[in-house]
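Read the structure below first, then the notes.
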Amino acid sequence: MMNSIDNMTEYVFDKTQVNKGTAIILGSGLGDFADQLDNAVTIPYKDIPGYPKPTVEGHAGEFIYGFYNGYPILAAKGRFHYYEGYDFNTVTIPVRLINKLGLDHLIITNAAGSTNPKNLPGNLMLVTGHLDCTFRHGWEQPPVYTKPPYYSESLLNLVRKSAKKNEIELKEGVYSWTQGPAYETPAEVDLFRSWGADAVGMSTVPEIITAAEFGLPVITLSTLTNFAAGITNQPLTHQEVIETADLVKPKFKQLLESLIEELNR
Ligand code: HPA
């Protein structure tokens, strides 16, 4: 396995020479950010030897390496999920590759459902904690992690500062990872909420765990695209998720840009 990560890393390095800067994993409908990078080099995942292929609508499959205001950025457009049948080692390949290349920090983005009536669809949420509600280790109530190595107050403060500067309303909360592929039931949402979840989504937590293992500083931003099932009586659809992500794009992009400036200050 490590050998194949080495090969993938070598391939991406050959194409880009990237060995520092900011890595960004762009989630459902959030891929546009990468299209504005200067001197961009696109690397389709399918060209990387041994790299998995994303299968989900709204997720492109490519790395884009380029510059934002002169700062090197490696963006992963599209990621891998448990529900696609990939295991933990496979869904974390992008993070392991990013780490091996030597990037300085990782910004993870995702679309998530809000389980907190105070956080509305269309809001951005800074993830300040997570819990694993996949039950991959058993049926026990999962703990909420809010401390280093997963969360650093100084990094969280950079995001708060970036939001404030741009007058972007930034919610904060705990992200819970669910296995999918179906959205949760109202009963599951109630339970996860009682355990401290503010949002539910099907990615990100393996990426946070893996980044933390490497000591790679990580920041997670969620676009709240819908109320989770049962929070309102409206049914939710993948279409709604994509549409809301689309509406939030300009605000999300502005926050990312400002955050990149802060990270490089
Ligand atoms: N649940 C799980 N994943 C999601 C949701 C949701 O409500 N919205 C966007 N991704």
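Just so you know, the sequence shown maps onto residues 20 to 284 in the working numbering. Each residue gets a CB set at the ideal place from its N, CA and C atoms; glycine is no exception.
At least one heavy atom of the ligand HPA lies closer than 7 Å to the C-beta of Gly220. Setting aside the 5 residues that flank it on each side, Tyr84 is surrounded in the same chain by Thr35, Val37, Val60, Leu93, each with a C-beta closer than 6 Å to its C-beta; the list follows chain order.
For Glu203, the distance from the CB to the nearest heavy atom of the ligand HPA is below 7 Å. For Asn129, DSSP records a beta bridge to Ser241. The ligand HPA has a heavy atom closer than 7 Å to the beta-carbon of Thr244. Rounded to the nearest whole angstrom, the C-alpha separation of Ile126 and Lys272 is 12 Å. Listed in chain order, the non-local C-beta contacts of Asn26 below 8 Å within the same chain comprise Pro68, Gly69, local neighbours out to five positions each way being set aside.
Inter-residue distance for Thr204 and Phe211 is about 11 Å (C-alpha atoms, whole angstroms).
Within the same chain, Gly80, Glu81 come within 7 Å of Pro63 by CB-CB distance, once the 5 residues on both sides are set aside. In this structure, Thr111 sits near Pro225, with a CB-CB distance shorter than 8 Å. Within the region 164 to 236, the runs of alpha helix (DSSP H) at least 4 residues long that lie entirely inside it are, in chain order, 172 to 184, 205 to 213, 224 to 233. Relative to the ligand HPA, the beta carbon of Thr197 is positioned inside 7 Å of a heavy atom. In this structure, Val237 lies away from Ala248, with their beta-carbon atoms at least 8 Å apart. The region 87 to 104 and the region 48 to 58 touch, with three or more beta-carbon pairs separated by less than 8 Å. Secondary structure of Lys119 (DSSP, three-state): helix. Judged by DSSP secondary structure, Asn88 falls outside any beta strand (DSSP E); it is assigned neither H nor E.
Look at Val260: its beta carbon is less than 7 Å from one of the heavy atoms in the ligand HPA. Within the same chain, Cβ atoms closer than 8 Å to the Cβ of Pro73 are found at Tyr64, Ala79, Gly80, Gly97, Arg98, Phe99, Glu103, the five residues on either side in sequence being excluded. For His156, there is no enclosing alpha helix (DSSP H), as DSSP marks it with neither H nor E.
By the C-beta density criterion, Gly48 is buried, having at least 16 other C-beta atoms within 10 angstroms.
Nearest neighbour of Leu150 by Cα position, chosen from Thr223, Ile24, Asn142, turns out to be Thr223. With contacts defined by Cβ atoms closer than 8 Å, Tyr169 and Ile117 do not form a contacting pair. Judged by DSSP secondary structure, Asp51 falls outside any beta strand (DSSP E); it is assigned neither H nor E. Inclusion of Asn252 and Pro140 in the CB contact set at 8 Å is not warranted, their separation being larger than that value. The Cβ-Cβ distance between Asn185 and Ser277 falls below 8 Å.
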